[in-house]
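Undergrad:
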Amino acid sequence: MSEALRQRFPSNVASIHEDSSEKIVIKQSLTISWSELPEWRKDNEYIVEGHRRTQYSWRGCLASVYGFNIHSHLLGAVLFAWLLGSFRQVYFVHYEHTTWKDSTVFAIFLGAAILCLSGSAFYHTTCVHSESVSKRCNTIDYAGIVVLIVGSFFPCVYYGFYCDPHWQTLYLLAITIAGAGAAYIVLNPEYSQPTHRHARTTVFAALGLCGVLPVLHGIFAQGFTKMIFEMGYAWLLLSGALYFVGALL
Numbered sequence: 051m052s053e054a055l056r057q058r059f060p061s062n063v064a065s066i067h068e069d070s071s072e073k074i075v076i077k078q079s080l081t082i083s084w085s086e087l088p089e090w091r092k093d094n095e096y097i098v099e100g101h102r103r104t105q106y107s108w109r110g111c112l113a114s115v116y117g118f119n120i121h122s123h124l125l126g127a128v129l130f131a132w133l134l135g136s137f138r139q140v141y142f143v144h145y146e147h148t149t150w151k152d153s154t155v156f157a158i159f160l161g162a163a164i165l166c167l168s169g170s171a172f173y174h175t176t177c178v179h180s181e182s183v184s185k186r187c188n189t190i191d192y193a194g195i196v197v198l199i200v201g202s203f204f205p206c207v208y209y210g211f212y213c214d215p216h217w218q219t220l221y222l223l224a225i226t227i228a229g230a231g232a233a234y235i236v237l238n239p240e241y242s243q244p245t246h247r248h249a250r251t252t253v254f255a256a257l258g259l260c261g262v263l264p265v266l267h268g269i270f271a272q273g274f275t276k277m278i279f280e281m282g283y284a285w286l287l288l289s290g291a292l293y294f295v296g297a298l299l
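Per my numbering, numbering of the sequence shown is gapless, rising by one per residue and ending at 299.
#1: Tell me, which residues are paired with T104 by DSSP?
#2: Does the separation of the CB atoms of A228 and C177 fall below 8 angstroms?
#3: One question on the structure: do L124 and A171 come within less than 8 angstroms of each other, judged by their Cβ atoms?
#4: Taking P264 as part of the alpha helix (DSSP H), name the residues at either end of that continuous run.
#5: Can you tell me which of F203, C206, G169 and Y208 puts its alpha carbon nearest to the alpha carbon of T189?
#6: 8 angstroms is my cut-off, CB to CB: does I120 come that close to chain C?
#7: Taking the Cβ atom as the reference point for each residue, do G306 and L165 lie within a distance shorter than 8 angstroms?
#8: Which value, in whole angstroms, describes the spacing of the CA atoms of L160 and A233?
#9: Please confirm if the stretch 75-89 is in contact with the stretch 124-136, defined as three or more CB-CB distances below 8 angstroms between the two stretches.
#10: Assess, as a yes-or-no matter, whether the stretch 96-111 is touched by the stretch 149-157 under the definition of 3 or more beta carbon pairs within less than 8 angstroms.
#11: Among the candidates H174, P215, M277 and V236, whose CA atom is the shortest distance from the CA of V196?
#12: Decide if P264 is buried, meaning its Cβ has at least 16 other Cβ atoms within 10 Å, or exposed.
#13: Is it buried or exposed for S71, if we count other Cβ within 10 angstroms and need 16 for buried?
#14: Which residue's Cα is closest to the Cα of Y209: F156, T252 and F254?
#15: If you draw a straight line from the alpha carbon of F203 to that of Q78, how long is it in whole angstroms?
#16: Quick one: residues in its chain with C-beta nearer than 6 angstroms to the C-beta of G282, no 5 flanking neighbours on either side, listed in chain order?
#17: In the DSSP output, what is I190 paired with across the bridge?
#18: Which stretch, first to last residue, makes up the alpha helix (DSSP H) that contains T176?
#19: Could you tell me whether the Cβ atoms of A284 and I278 are closer together than 8 angstroms?
#20: For L288 versus I199, is the C-beta spacing smaller than 8 angstroms?
#21: When the Cα of I120 is compared with those of L129, P205, G290 and T175, which residue comes out closest?
#22: With a Cβ-Cβ cutoff of 8 angstroms, do C206 and L266 count as a contact?
#23: To which residues does DSSP link T81 through a beta bridge?
#24: Assuming A249 contacts Y241 (C-beta within less than 8 angstroms), just tell me the rounded distance between them.
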């Protein structure tokens, strides 16, 4: 019996020693709830779950790009980049009377979409770095939204008033100036605060509504059917409605 005890005792000691040397690893969840967020990240109280953890490093930001809004914006930017590089060869080749002006207005719109989508993807990637980085990158997101709203009007106004160059120039200048004013407001650091969320929404909605005047002008001057169906203004109205719904969200 004593021999058996002597044989068992060392193995028990080894087992205890092995158990005590094991590291206890507590795995954190990848996301946290709204109540766990620091105050500077509490922008939308209606999204109660699924927030990424604050990283405090660029590597951590890149390692946590599992948000759908990051991938959706990034894929959109890639798509519009492809369109920008190919629209002349794919679409304009069928129209022999196109000029550099046609290429320019399409390039402005497609370039604006690229800036907006890539800027949003960049912001949503880096917004969990730190408060200071989030505020700086947030301005890129807001600037991209303003650029896309303004850029969306360029092809519509250019072709809608193709035979009225004076009105065409006036409306393009007006929407550009309105966009510059909106950018000046929303890029103010004060408006990056969560408490000014409704003010930002109002500015974006007002900028989008600037397009109502040229649309109504075109309808009264050239007729509803021509402007909505032939000139494609139905798509402009649809995009305006989507801007408005997105701003409310």
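We put the CB at the ideal spot given by N, CA and C, even for glycine.
Computed from a predicted model, the values in this text were never measured in an experiment.
TA: Judging by the given coordinates:
#1: None, per the DSSP bridge assignment.
#2: no
#3: yes
#4: V262 to Q272
#5: G169
#6: Within the model displayed, chain C is absent; a lone protein chain is all it includes.
#7: For the chain, the structure presents residues 51 to 299; residue 306 sits outside this window and is missing.
#8: 19 angstroms
#9: no
#10: no
#11: V236
#12: buried
#13: Note on S71: pLDDT 49, under 50, position unreliable in the model; no value is reported.
#14: F156
#15: 47 angstroms
#16: none
#17: Its beta-bridge partners do not exist; DSSP assigns none.
#18: W150 to T176
#19: yes
#20: no
#21: T175
#22: no
#23: R102
#24: 6 angstroms
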